[in-house]
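Working notes for the structure below.
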Amino acid sequence: PLTRLETPPTFRGFDRGVRGAGTRNYVVIMGTTSRTAAFARIVAQRLESLPKVGGFDGVVAVAHTEGGSTEAPNNKDLLLRTLAGFAVHPNVGALMCVDYGSEAVSNAALQQYLRDEDYAIDAVPHRFLSLAGGFDMHLAEAEAQARSWAEQLQQQSRVELPVSHLKLALQCGGSDAFSGVSGNPLAAWAARELIRSGGAANLAETD
Numbered sequence: 239p240l241t242r243l244e245t246p247p248t249f250r251g252f253d254r255g256v257r258g259a260g261t262r263n264y265v266v267i268m269g270t271t272s273r274t275a276a277f278a279r280i281v282a283q284r285l286e287s288l289p290k291v292g293g294f295d296g297v298v299a300v301a302h303t304e305g306g307s308t309e310a311p312n313n314k315d316l317l318l319r320t321l322a323g324f325a326v327h328p329n330v331g332a333l334m335c336v337d338y339g340s341e342a343v344s345n346a347a348l349q350q351y352l353r354d355e356d357y358a359i360d361a362v363p364h365r366f367l368s369l370a371g372g373f374d375m376h377l378a379e380a381e382a383q384a385r386s387w388a389e390q391l392q393q394q395s396r397v398e399l400p401v402s403h404l405k406l407a408l409q410c411g412g413s414d415a416f417s418g419v420s421g422n423p424l425a426a427w428a429a430r431e432l433i434r435s436g437g438a439a440n441l442a443e444t445d
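Using my numbering, the letters of the sequence shown map in sequence onto residues 239 to 445.
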């Protein structure tokens, strides 16, 4: 048991309302399946030079290796839940989901899951893009949309928010001789201070 701090600290972040509080403000290009992972990475790479000014922190790709087949994978529900979590994460300022439309885990399936499970997708500026035709044409289309969102995010500002809004995820980053000397104690201290301030910390890795 920990004693709550009488005067919890604050941090400068983004109030996302029902989505929580973010520490970053990203435009996210998410490959809904493995087939569009490269597309997402290319768009993000092409926009690395966008100025990170105001409330804009950059364009990032979310890419993975699942769901590219026309047959439903065994982990379909877990995959959809994970993608849905990324979609409404409070560090996301705007979101583009990309598929080909023929995969078992498609944009349509993700949209249906978001609606059925009451994820706050309408609280995120978003677009679902299906690739059909010229690859370069769609790259230009996605890049233009991301640039437009970036301009909007640049106009946003961080505000003072209570640390109680924060949730910390802890996972092993690769054990070495110093994990028990410095890494783990430091992570534990940060988690304890966050909890004392009304926040939360999750240790998500088990033996």
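Note that the Cβ used here is the ideal one computed from N, Cα and C, for glycine as well.
Contact annotation: Thr248 and Glu398 have beta-carbon atoms nearer than 8 angstroms.
Residue range Lys314 to Ala325 is occupied by the alpha helix (DSSP H) that includes Gly323.
Under the three-state reduction of DSSP output, Ser386 falls in the helix class. Looking at Gly306, Ala278 and Gly331, the one whose alpha-carbon comes closest to that of Ala380 is Ala278. If the five residues before and after Ala429 are omitted, its C-beta is found closer than 7 angstroms to the C-beta atoms of Leu406, Leu408 and Ala439, all from its own chain and listed in chain order. Nearest C-alpha to Ala322 among Tyr357, Lys314 and Pro328: Tyr357. Inclusion of Thr261 and Asn329 in the CB contact set at 8 angstroms is warranted, their separation being smaller than that value. Here Ala301 carries a coil assignment [DSSP, helix/strand/coil]. Secondary structure of Ala407 (DSSP, three-state): strand. The residue among Arg434, Val281 and Arg250 with its C-alpha nearest the C-alpha of Gly292 is Arg250. In the three-state reduction of the DSSP assignment, Leu240 falls in the coil class, being assigned neither a helical nor a strand state.
Contact between Ala325 and Ile280 does not hold, since the beta-carbon distance rounds to 20 angstroms and is not under 8 angstroms. Ranking Ala415, Leu404 and Cys410 by CA distance to the CA of His327 puts Leu404 first.
Pairing Ser340 with Ala382, the inter-Cα distance amounts to about 25 angstroms. Distances from the alpha-carbon of Asp337 to those of Ser402, Gly371, Ala442 and Asn313 put Gly371 closest.
DSSP, read as helix, strand or coil, puts Leu399 in strand. Three or more beta-carbon pairs separated by less than 8 angstroms are not found between the segment 413-422 and the segment 309-318, which leaves the two stretches without contact.
If the five residues before and after Ser402 are omitted, its C-beta is found closer than 8 angstroms to the C-beta atoms of Pro246, Ser435, Gly436 and Gly437, all from its own chain and listed in chain order.
Sequence-distant Cβ neighbours of Leu240 in its own chain, meaning closer than 7 angstroms and more than five residues away, are Arg430, Ile433 and Arg434.
When DSSP states are grouped into helix, strand and coil, Asp360 belongs to the helix group.
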